[in-house]
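Here is the structure we will look at.
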Amino acid sequence: MSVTVNAISRADIVSNLYGILDQQKNSLLDLIWEQHHFHEKRRWSALDMIGVIDIENLNEVDKVNLWNAGRAELTTKPGADRLAGLADHECHRWQDRNPMVAKVMQACGTWSRYWNEEESFHEMTLNHLSSLLGLEPVTDETLIEFRKIFPHDDMLRTLVLLAISEITATVNYSWCASVAQDIGLRKLFKQIAADESQHMTYFISFAKALVDSKEYSPKGAFAVAHLFLREGGELYGSNRQQVEQRDSHVNWWDALKYEMVIPDNIERKQGLIFSALRQITGIQVKSATEVEEKWLELVGC
Ligand SMILES: [Fe+2]
Ligand SMILES: [Fe+2]
Numbered sequence: 002m003s004v005t006v007n008a009i010s011r012a013d014i015v016s017n018l019y020g021i022l023d024q025q026k027n028s029l030l031d032l033i034w035e036q037h038h039f040h041e042k043r044r045w046s047a048l049d050m051i052g053v054i055d056i057e058n059l060n061e062v063d064k065v066n067l068w069n070a071g072r073a074e075l076t077t078k079p080g081a082d083r084l085a086g087l088a089d090h091e092c093h094r095w096q097d098r099n100p101m102v103a104k105v106m107q108a109c110g111t112w113s114r115y116w117n118e119e120e121s122f123h124e125m126t127l128n129h130l131s132s133l134l135g136l137e138p139v140t141d142e143t144l145i146e147f148r149k150i151f152p153h154d155d156m157l158r159t160l161v162l163l164a165i166s167e168i169t170a171t172v173n174y175s176w177c178a179s180v181a182q183d184i185g186l187r188k189l190f191k192q193i194a195a196d197e198s199q200h201m202t203y204f205i206s207f208a209k210a211l212v213d214s215k216e217y218s219p220k221g222a223f224a225v226a227h228l229f230l231r232e233g234g235e236l237y238g239s240n241r242q243q244v245e246q247r248d249s250h251v252n253w254w255d256a257l258k259y260e261m262v263i264p265d266n267i268e269r270k271q272g273l274i275f276s277a278l279r280q281i282t283g284i285q286v287k288s289a290t291e292v293e294e295k296w297l298e299l300v301g302c
C-alpha cells in the first residue's frame with residue numbers, strides 16, 4: 002500500500018495544524034501516520050554512531066561537552082512524560098467545549114511518544130560515551146533527581162517553554178559539532194542538533210494550533226518568552242548569579258556546568274525565539290524589550 006494515502010504535507014502540519022483538523026478532510030490517524038513516517042525516516046542507530054567515534058582521540062573540550070549534554074538529556078524523559086499526561090488531561094477537558102482543541106491535544110500527546118524515544122537516543126548515546134571515556138559517572142541519586150516530573154501548567158505556556166528549551170539545545174549542540182575535531186563525534190552532535198530542531202518545529206506547530214483556535218491568548222507565549230529573555234532570565238542558564246532553587250524538578254539549563262566552554266550564543270537563541278513567537282502568534286518582535294512591552298500590552302498593563 003502506498004505511504005501517501007490521505008497524505009498531509011509536512012509543511013502544512015507545521016504551519017496549519019489547526020486548519021487541517023478544522024477542515025476535517027484528514028483524521029487524527031492520518032496525522033499520526035505522518036508523525037510516525039517522519040520519525041521513522043529520521044531514525045538512527047546509537048551503536049553505529051558510537052562505533053565510528055575515535056574515543057582515544059577526543060580532547061578535553063569534547064569530553065566536557067559530552068558529559069554536560071548527557072546529564073542535561075536525563076531531564077527529557079520527565080519532560081515527555083509530563084507532556085503526555087498534560088495532553089491527555091487537556092484533551093478530555095476540551096472534548097465537549099471545543100473538539101478541535103481536543104484533537105490538537107491528542108495529536109500532541111501522541112507525538113510525545115516519538116519525542117520521548119528520540120530523546121532516549123540522545124541520553125543513552127551521550128551517557129554511554131561518557132562512561133566509555135571514564136568521565137565522572139552519573140550516580141543513581143542524580144539520575145532519580147533529574148527524573149522528577151515537572152508540575153503541570155497551561156498547555157500553551159508549556160509548549161512555548163519546550164520550544165525554547167529545544168532552541169537552546171539546537172544552538173548548544175550545533176556549537177559542540179562546530180568545535181569537535183573527530184568526524185564521528187561531529188556527526189553525532191550534528192544529528193542531535195537536527196533532532197532538537199525538529200522537536201522545536203513540532204512544539205511551534207502545536208502552540209500555533211492552540212493560538213489559531215482562539216481559545217488561547219498569545220499572552221501565554223509572550224509571558225514564557227519574557228521569562229527566558231529578561232535580564233538574568235532562564236536563557237542565561239547556570240551562568241546566572243541567582244539560579245532558582247526548587248525541589249519539584251530539574252531544569253537542565255540550570256544544571257549545566259559552564260566553568261569550561263559552552264558559549265551562551267545568546268543572540269542566536271534570541272533570534273530563534275523571536276522567530277518562534279512570530280510563527281506561533283503572528284506578532285513580530287526584534288528585541289527582548291519589545292517582547293516585554295508586547296507581553297505587558299497583552300496582559301493589559
Ligand atoms: Fe535531546
Ligand atoms: Fe529535543
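Going left to right, the sequence shown walks through residues 2 to 302 as this note's numbering numbers them. By construction, the Cβ of each residue, glycine as well, lies at the ideal position given by its N, Cα and C atoms. Note that the structure is predicted; figures quoted are calculated from it, not measured.
With respect to the alpha helix (DSSP H) encompassing residue i, which residues constitute its N-terminal and C-terminal limits?
i: Asp-49; result: 47-52
i: Thr-290; result: 289-300
i: Asn-58; result: Premise fails: Asn-58 is in no alpha helix (DSSP H) and is neither H nor E.
i: His-227; result: 220-230
i: Pro-264; result: It is not in any alpha helix (DSSP H) - Pro-264 carries neither H nor E in the DSSP assignment.
i: Asp-97; result: Asp-97 -> no alpha helix (DSSP H), and no H or E assigned at all.
i: Lys-42; result: 29-42
i: Glu-137; result: From DSSP, Glu-137 is part of no alpha helix (DSSP H); its letter is neither H nor E.
i: Gly-20; result: 18-24
Taking the beta carbon of residue i as the centre, do at least 16 other beta carbons fall within 10 Å, making it buried, or is it exposed?
i: His-123; result: buried
i: Lys-42; result: exposed
i: Gln-285; result: exposed
i: Ile-9; result: buried
i: Arg-11; result: exposed
i: His-200; result: buried
i: Gln-282; result: Note that residue 282 is Thr in the sequence shown here, rather than Gln. It is buried - the Cβ of Thr-282 has at least 16 other Cβ atoms within 10 Å.
i: Cys-92; result: buried
i: Arg-98; result: exposed
i: Ser-131; result: buried
i: Asp-49; result: exposed
i: Met-2; result: Confidence at Met-2 is low in this model, with a pLDDT of 48, below 50, so the placement of that residue should be treated as unreliable; the coordinate-derived value is given next. Per the 10 Å Cβ criterion, exposed.
i: Leu-144; result: exposed
Which residues in the same chain as residue i place their Cβ atom closer than 7 Å to its Cβ, once the five residues preceding and following it in sequence are excluded?
i: Leu-186; result: Ile-54, Leu-59 and Asp-63
i: Val-300; result: Lys-220
i: Ser-13; result: It is Asp, not Ser, that sits at residue 13 in the sequence shown. Only Ile-21 meet the Cβ criterion.
i: Lys-270; result: Ile-168, Thr-169, Val-172 and Leu-236
i: Trp-296; result: Lys-220, Phe-223, Ala-224 and His-227
i: Asn-266; result: Val-172 and Trp-176
i: Gly-234; result: Leu-228
Between which residues of its own chain and residue i is the CB-CB distance below 6 Å, once the five residues before and five after are set aside?
i: Phe-207; result: Cys-109 and Leu-160
i: Ala-277; result: Ala-164 and Ile-205
Measure the beta-carbon distance from residue i to residue j and round it to whole angstroms, keeping in mind my assumption that it falls under 8 Å.
i: Ile-193; j: Tyr-174; result: 5 Å
i: Thr-77; j: Glu-120; result: 4 Å
i: Glu-197; j: Leu-127; result: No, Glu-197 and Leu-127 are not in contact; Cβ-Cβ is about 13 Å, not under 8 Å.
i: Tyr-203; j: Trp-112; result: 6 Å
i: Ile-274; j: Leu-211; result: Not a contact, Cβ separation roughly 18 Å.
Spatial neighbours of residue i within its chain, please: C-beta separation below 8 Å, excluding the five flanking residues on both sides.
i: Trp-95; result: Val-102, Ala-103, Met-106 and Glu-216
i: His-129; result: Ala-47 and Ile-51
Segments assigned beta strand (DSSP E), at least 3 residues, entirely inside the stretch 160-212: none
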